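Asks: Read in order, the letters of the sequence shown are residues 3 to 394 in the working numbering.
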Amino acid sequence: MNWVDIEAKYYMKTFARLPVILVEGEGVRVKDVDGKFYLDMVGGIAVNILGHGHPSLVEAISGQAAKLIHTSNLYYTVPQLELAERLIESSCADRIFFGNSGAEANEGAIKLARKWGKERRDGAFEVISAEYSFHGRTLATVAATGQAKMKGPFEPMPTGFVHVPFNDLDAIKGATNGNTCAVMLEVIQGESGVHIGEQEYIAGVREWCDSQNLLFILDEIQTGLGRTGTLFGYERYGVEPDVFTLAKGLAGGVPIGAFLSKEEVSVLAASDHGSTFGGNPLACAAGVATFDALKNEKLVENSAATGAYLLDKLNDLKGRSDRVTAVRGVGLMAAVDLDDEVAGAVVSTALSKGLILNNTGPNTVRVVPPLIINESEVDEAVSILEDSLSAA
Ligand code: PLP
Numbered sequence: 003m004n005w006v007d008i009e010a011k012y013y014m015k016t017f018a019r020l021p022v023i024l025v026e027g028e029g030v031r032v033k034d035v036d037g038k039f040y041l042d043m044v045g046g047i048a049v050n051i052l053g054h055g056h057p058s059l060v061e062a063i064s065g066q067a068a069k070l071i072h073t074s075n076l077y078y079t080v081p082q083l084e085l086a087e088r089l090i091e092s093s094c095a096d097r098i099f100f101g102n103s104g105a106e107a108n109e110g111a112i113k114l115a116r117k118w119g120k121e122r123r124d125g126a127f128e129v130i131s132a133e134y135s136f137h138g139r140t141l142a143t144v145a146a147t148g149q150a151k152m153k154g155p156f157e158p159m160p161t162g163f164v165h166v167p168f169n170d171l172d173a174i175k176g177a178t179n180g181n182t183c184a185v186m187l188e189v190i191q192g193e194s195g196v197h198i199g200e201q202e203y204i205a206g207v208r209e210w211c212d213s214q215n216l217l218f219i220l221d222e223i224q225t226g227l228g229r230t231g232t233l234f235g236y237e238r239y240g241v242e243p244d245v246f247t248l249a250k251g252l253a254g255g256v257p258i259g260a261f262l263s264k265e266e267v268s269v270l271a272a273s274d275h276g277s278t279f280g281g282n283p284l285a286c287a288a289g290v291a292t293f294d295a296l297k298n299e300k301l302v303e304n305s306a307a308t309g310a311y312l313l314d315k316l317n318d319l320k321g322r323s324d325r326v327t328a329v330r331g332v333g334l335m336a337a338v339d340l341d342d343e344v345a346g347a348v349v350s351t352a353l354s355k356g357l358i359l360n361n362t363g364p365n366t367v368r369v370v371p372p373l374i375i376n377e378s379e380v381d382e383a384v385s386i387l388e389d390s391l392s393a394a
């Protein structure tokens, strides 16, 4: 079967895929259709936090599939409430709503902010977000996203989104007016190449939102669930958002998303929002198993420790290679800037050598591996990356 030709014939031309057909995975390794193994430093773009084929996740999914896959939200289901309880009890939020993806989670957060603005800030509806942010591909979330290249073909964009430079508190202050209802940020911008929010900035935005009666929304879709070495990224900053969103790793690879809010801003009422699939028993059983494994196997702690090791090794590599101009990272979320537009070539070369990497742009390689990764796997990845740099 030539799957590449079949994709070219039938699939919309939305993805520039790497030439590999993945069929199986175990731990931090995946296997292609020809039986070749790869060390997976991308983990489905920061999704497979337990790696591939984690026994308790597999058991939870298959057990739940045999019992009850879907019911709609017309009824109560146990896994949804088990997951809700776990997330609320371990976060700063009081209420949660489950959807099916990151974009859908952010859509919900934006809807909440608009209703809150209507009721609590004289009809304010504008959301300030950051340049080079990424919040999703639906119309509202791509409008919130601070990257012009993703919007062009779909203009005019929905109104109500203003963009300012990241890590620039004065820019947020300058953009705030009577129409503003919220500031929406990632604590670390993932898709644009792991750009880290500064402590004074994130804390300053929190204070500004308090002083101006604005909602502070954090998109923790990539930074949440242990990725940065704490359960949620905001914990590193000692601030609490009013609203935050999760997706990616939340169910270890089963599609899910969620937005969470403080009680006092939780304005959505009956019929304001909904989802047929959101929070269904299958996805939530996977979420519960993922959350429990994260805790039981101390994977948040591993993210911090092995993430620090990874950062050291990447910085050592920078010291040895003229190609590497910068290394950034927190926990198991890291990026390497290269001196030229060769990131795509490096990723392709690494793939041929059995290593899965991702480039967020022409100069930047990103690594967001499963949180189960260990130091020897990091050594292996950095060694193949080094070989790939000289070959590219
Ligand atoms: N927000 C952030 C910070 C993301 O990294 C992503 C995906 O990369 C999204 C939102 C969109 O999530 P999804 O692709 O599940 O819609």
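For each residue, glycine too, the CB sits at the ideal point set by N, CA and C. In this text, all values refer to a predicted model and were calculated from it rather than measured experimentally.
Comparing alpha-carbon positions, which option in Tyr13, Lys11, Gly346, Thr232 lies nearest alanine 306?
Replies: Ranking Tyr13, Lys11, Gly346, Thr232 by Cα distance to alanine 306 puts Thr232 first.
Asks: Please work out which residues of its chain come closer than 8 angstroms, Cβ to Cβ, to asparagine 215, disregarding the five sequence neighbours upstream and downstream, and give them in chain order.
Replies: Answer for asparagine 215: Arg122, Arg123, listed in chain order.
Asks: Rounded to whole angstroms, what is the Cα-Cα separation between alanine 111 and glutamate 266?
Replies: Roughly 14 angstroms separates the two Cα atoms.
Asks: From the DSSP output, in three-state form, read off methionine 335 for me.
Replies: Correct three-state label for methionine 335: strand.
Asks: Distance check for isoleucine 174 and glycine 27, CA to CA, integer angstroms please.
Replies: Their backbone Cα atoms lie some 44 angstroms apart in a straight line.
Asks: Would you tell me roughly how many angstroms separate the C-alpha atoms of lysine 69 and valine 30, rounded to the nearest one?
Replies: Going from the Cα of lysine 69 to the Cα of valine 30 covers about 29 angstroms.
Asks: Is any heavy atom of the ligand PLP found at a distance shorter than 7 angstroms from the C-beta of isoleucine 258?
Replies: Flag unset: Cβ of isoleucine 258 not near the ligand PLP.
Asks: What number of angstroms, rounded off, separates the C-alpha of glycine 321 from the C-alpha of glycine 199?
Replies: The alpha-carbon atoms of glycine 321 and glycine 199 are separated by roughly 25 angstroms.
Asks: With a CB to CB cut of under 6 angstroms and the five nearest residues on each side skipped, what residues in its chain are close to leucine 1?
Replies: Missing from the structure shown is residue 1; the chain here goes from 3 to 394 and no further.
Asks: What's the gap between the Cα of alanine 185 and the Cα of serine 58?
Replies: It is valine, not alanine, that sits at residue 185 in the sequence shown. Their Cα atoms are separated by approximately 38 angstroms.
Asks: If you check the beta carbons only, do histidine 165 and alanine 126 fall under 8 angstroms apart?
Replies: No; because the gap between Cβ atoms is not below 8 angstroms, this pair is not in contact.
Asks: Whether or not the stretch 150 to 164 and the stretch 284 to 300 are in contact is what I'm after, with contact meaning three or more pairs of Cβ atoms, one per stretch, closer than 8 angstroms; do they touch?
Replies: Touching, no.
Asks: Hey, alanine 283 and threonine 147: beta-carbon distance below 8 angstroms or not?
Replies: Sequence check: residue 283 is proline here, not alanine. Not in contact: proline 283 and threonine 147 (Cβ atoms no closer than 8 angstroms).
Asks: Grab the span of the alpha helix (DSSP H) containing glycine 363 for me, first residue to last.
Replies: Premise fails: glycine 363 lies in the beta strand (DSSP E), 360 to 363, not in any alpha helix (DSSP H).
Asks: Is valine 302 near glycine 228, with beta carbons less than 8 angstroms apart?
Replies: Yes.
Asks: Could you check if isoleucine 224 belongs to the surroundings of the ligand PLP, using beta carbon to heavy atom distance under 7 angstroms?
Replies: The sequence shown places glutamine at residue 224, not isoleucine. Answer for glutamine 224: yes, Cβ within range of the ligand PLP.
Asks: Out of Tyr13, Ser263, Thr16, Asp36, point me to the one whose CA is closest to isoleucine 23's CA.
Replies: Isoleucine 23 has its Cα closest to that of Asp36, out of Tyr13, Ser263, Thr16, Asp36.
Asks: Is it right to say proline 257 is buried, meaning 16 or more other beta carbons lie within 10 angstroms of its own, or is it exposed?
Replies: That one is buried.
Asks: When the distance is taken between beta carbons, is alanine 337 closer than 8 angstroms to glycine 195?
Replies: Yes.
Asks: Determine the DSSP secondary structure at alanine 271, reduced to helix, strand or coil.
Replies: In the structure shown, alanine 271 sits in coil (DSSP, three-state: anything other than H, G, I, E or B).
Asks: Helix or strand or just coil, what does DSSP make of glycine 255?
Replies: DSSP places glycine 255 in coil when its eight states are reduced to three.
Asks: According to DSSP, is glutamine 191 helix, strand or coil?
Replies: Here glutamine 191 sits in strand by DSSP.
Asks: Using only the heavy atoms of the ligand PLP, determine whether one of them is closer than 7 angstroms to the beta carbon of isoleucine 47.
Replies: At least one heavy atom of the ligand PLP is nearer than 7 angstroms to the Cβ of isoleucine 47, so yes.
Asks: Taking leucine 217 and aspartate 244 to be in contact with their CB atoms under 8 angstroms, please state how far apart those CB atoms are, rounded to whole angstroms.
Replies: Confirmed, about 5 angstroms.
Asks: Alpha carbons only, please: which of Asp342, Tyr239, Ile47, Ala67 is nearest the one belonging to proline 364?
Replies: For the residues Asp342, Tyr239, Ile47, Ala67, the minimum Cα distance to proline 364 belongs to Asp342.
Asks: For isoleucine 190, I'd like the list of residues in its chain whose CB is within less than 8 angstroms of its CB, leaving aside the five on either flank, ordered along the chain.
Replies: Taken in chain order, the residues that qualify are Val196, His197, Ile198, Gly199, Gln224, Thr225, Thr230, Gly235, Val332, Met335.
Asks: Using only CA atoms, which one of Thr278, Ala95, Gly356 lies nearest to glutamate 379?
Replies: For the residues Thr278, Ala95, Gly356, the minimum Cα distance to glutamate 379 belongs to Gly356.
Asks: Pull up the CB-CB distance for alanine 95 and serine 277, whole angstroms please, since I reckon it's below 8 angstroms.
Replies: The Cβ separation is near 18 angstroms, so there is no contact.
Asks: Can you check which of these residues, Asn361, Leu312, Arg325, Val326, is closest to glutamate 382 by C-alpha distance?
Replies: Glutamate 382 has its Cα closest to that of Leu312, out of Asn361, Leu312, Arg325, Val326.
Asks: Closer than 7 angstroms: is that where the CB of aspartate 42 sits relative to any heavy atom of the ligand PLP?
Replies: False, no ligand heavy atom lies under 7 angstroms from that Cβ.
Asks: Would you please state the rounded distance, in angstroms, between the beta carbons of glycine 254 and threonine 292? I believe it to be under 8 angstroms.
Replies: That pair is a contact at about 4 angstroms.
Asks: Once you ignore the five residues that flank glutamate 91 on each side, which residues in its own chain have a CB closer than 7 angstroms to its CB?
Replies: So the list is empty, once near-sequence residues are dropped.
Asks: Under the three-state reduction of DSSP, which class applies to phenylalanine 156: helix, strand or coil?
Replies: Helix.
Asks: Quick one: using the 10 Å Cβ neighbour count with 16 as the cut-off for buried, is threonine 143 buried or exposed?
Replies: Counting Cβ neighbours within 10 Å, threonine 143 comes out buried, since at least 16 surround it.
Asks: Look at the Cβ atom of cysteine 183, then the Cβ atom of tryptophan 118, and state whether they are nearer than 8 angstroms.
Replies: Yes. Within cutoff.
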